[in-house]
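In what follows, a structure is listed as structure tokens, so that the remarks can point back to it.
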Ligand SMILES: C[S@@+](CC[C@H](N)C(=O)[O-])C[C@H]1O[C@@H](n2cnc3c(N)ncnc32)[C@H](O)[C@@H]1O
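This is the structure we're talking about:
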């Protein structure tokens, strides 16, 4: 379960403003596994509403979708009823640091935008992250592929135009993400060899709706980014009235453009590619 986001409440809106960014990269990484793609058994760790599972089912043999939140799993199971009936995907209500699989049972693991939801302590070396990667090392076959979809500190600082409206919440979110060099160190510690680092440079998690200047005024739009769960009511009111003021002055589009200037160069997400030694 997320340590700060109410996904039971949000599961209904999640898919409306959220896209599975980077799936072509993840498929490319899995294509480097020792077994052919269409015979791979892949874990979707923290599968949410199953958007990444859905995209990957076009390529891999079978998916094990694991999530702690029943609301998210229910949306995923409804969406993927066809492949489920064909025996190509199973849904497991479980924690990603206590997986319901035997040792060396899986050919691939993907974890997409989940790690920052763990209740963790940066000052102690991210022990909750460590428990997850130790568990991944247990269930992944030697040579099996791991992809970690996360955000760099730079992407979190400059890759989302609306974060400037809510700076305290953006800082709080950024502090929840392990910096890439620390994440890579953890991967090394648990026996994963680094094989690459990729950025889907043009993609935005909220697709075209990301660019809507009045987007933050709409609760459904805000539900597409968990940063808004970290905003106090007072800060939210201030952010929304700033948008309204900029809009009245005819300055809103310019504000968005100015605050989105770096994103086309740095992207919003980074995908780490590693394999089990
Ligand atoms: C931001 S959503 C990402 C969902 C999906 N991977 C995607 O990118 O569309 C984070 C998901 O991780 C799940 N989650 C967080 N911590 C978890 C844990 N310790 N074990 C299992 N699932 C967890 C949440 O319930 C939520 O569905």
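Residue numbers (our numbering): 1388 to 1664. The beta-carbon is built from N, C-alpha and C at its ideal position, and this holds for glycine as well.
Would you call the CB atoms of residue i and residue j closer than 8 Å?
i: residue 1409; j: residue 1536; result: yes
i: residue 1513; j: residue 1573; result: yes
i: residue 1483; j: residue 1541; result: no
i: residue 1443; j: residue 1414; result: yes
i: residue 1565; j: residue 1498; result: no
i: residue 1715; j: residue 1662; result: Residue 1715 cannot be examined here, being either before or after the span of the chain that is shown, 1388 to 1664.
i: residue 1479; j: residue 1453; result: yes
i: residue 1449; j: residue 1465; result: no
i: residue 1584; j: residue 1534; result: no
i: residue 1623; j: residue 1630; result: no
i: residue 1436; j: residue 1593; result: no
i: residue 1664; j: residue 1580; result: yes
i: residue 1543; j: residue 1560; result: yes
By DSSP, does residue i sit in helix, in strand, or in coil?
i: residue 1473; result: coil
i: residue 1534; result: strand
i: residue 1405; result: coil
i: residue 1553; result: coil
i: residue 1578; result: coil
i: residue 1508; result: coil
i: residue 1438; result: helix
i: residue 1493; result: strand
i: residue 1596; result: helix
i: residue 1614; result: helix
i: residue 1562; result: helix
i: residue 1410; result: helix
i: residue 1662; result: strand
i: residue 1514; result: helix
i: residue 1520; result: helix
i: residue 1499; result: strand
i: residue 1620; result: helix
i: residue 1433; result: coil
Looking only at its chain, what residues have a beta carbon closer than 8 Å to the beta carbon of residue i, apart from the 5 residues adjacent to it on each side?
i: residue 1517; result: 1573, 1576 and 1577
i: residue 1627; result: 1603 and 1604
i: residue 1526; result: 1430, 1486, 1488, 1489, 1490, 1491, 1492, 1493 and 1496
Quick one: residues in its chain with C-beta nearer than 7 Å to the C-beta of residue i, no 5 flanking neighbours on either side, listed in chain order?
i: residue 1642; result: 1633
i: residue 1441; result: 1466 and 1467
i: residue 1439; result: 1407, 1410, 1431, 1497 and 1499
i: residue 1424; result: 1417, 1418, 1446 and 1447
Excluding five sequence neighbours on each side, which residues of the same chain lie with their C-beta closer than 6 Å to the C-beta of residue i?
i: residue 1505; result: 1515
i: residue 1615; result: 1609
i: residue 1556; result: 1614, 1617 and 1618
i: residue 1451; result: 1430 and 1477
i: residue 1539; result: 1567 and 1657
i: residue 1588; result: 1654
i: residue 1590; result: 1408
i: residue 1529; result: 1663
Counting beta carbon pairs with one atom in the segment 1591-1608 and one in the segment 1633-1648, are three or more of them shorter than 8 Å? yes
Is the segment 1615-1626 in contact with the segment 1488-1502, if contact means three or more CB pairs nearer than 8 Å? no
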